[in-house]
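Heads up, the thing below is written out as structure tokens.
Residue numbers (the numbering used here): 2 to 158.
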């Protein structure tokens with residue numbers, strides 16, 4: 002609580018007048034620091050490989066704390082997280098990770114432009130290496146190229 006001092010007679014009123022204004026400057030400083038921290042930390046928690054994922058209407062499932070992402074880029078290069086690996090070294094690289102367990106989930110991300118056969122080749126490499134718990138990653142929502150039944154009955158001229 003603040004007080005202001007004004008010149009007045011001592012006989013009139015001996016109490017100081019209270020100021021009812023809140024000093025918000027420290028509050029704004031704290032908020033700005035928190036904003037900067039979150040702006041710096043948010044990009045660090047995502048995988049930065051540019052992959053154009055297809056959409057899916059499936060119900061999203063809970064993601065583990067430290068997921069293992071295997072990505073297939075449009076040029077058919079394979080990566081674990083953001084580290085590019087050769088296909089023949091894929092299982093060996095997964096086994097060499099800190100949390101090497103054949104029972105953990107592998108999240109497979111493939112670009113929309115990747116042919117189906119290439120996706121199946123990587124799935125077969127993972128299966129042959131003993132990784133049977135594989136989840137396919139897609140964007141949430143309705144696919145962009147989905148056509149509703151009503152729209153297909155009445156084509157636009």
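Don't be surprised by glycine CBs; every beta carbon is placed ideally from N, CA and C. Source: prediction; values computed, not measured.
query	result
Contact the region 77 to 90 vs the region 24 to 38: 3+ CB pairs below 8 angstroms	no
Opening and closing residue of the alpha helix (DSSP H) in which residue 41 lies	26 to 42
Alpha-carbon to alpha-carbon, residue 33 and residue 140	32 angstroms
Residue nearest to residue 105 in terms of C-alpha spacing, selected from 69, 97, 77, 63	69
Selection from 95, 131, 111 that minimises the alpha carbon distance to residue 53	111
For residue 79, the residue or residues it bridges with in DSSP	73, 86
Of the listed residues 134, 123, 129, nearest to residue 74 (C-alpha basis)	123
Through-space distance from residue 135 to residue 44, alpha-carbon basis	25 angstroms
Own chain partners of residue 57 with C-beta closer than 6 angstroms, once the 5 adjacent residues on each side are dropped	139
Distance between residue 59 and residue 30 (C-alpha atoms, nearest Å)	42 angstroms
Distance CB(residue 119)-CB(residue 77) smaller than 8 angstroms	yes
Environment of residue 117 [buried if 16+ CB atoms lie within 10 Å]	exposed
Buried or exposed (CB count within 10 angstroms, at least 16 for buried), residue 35	exposed
CB contact flag (residue 100, residue 63, <8 angstroms)	no
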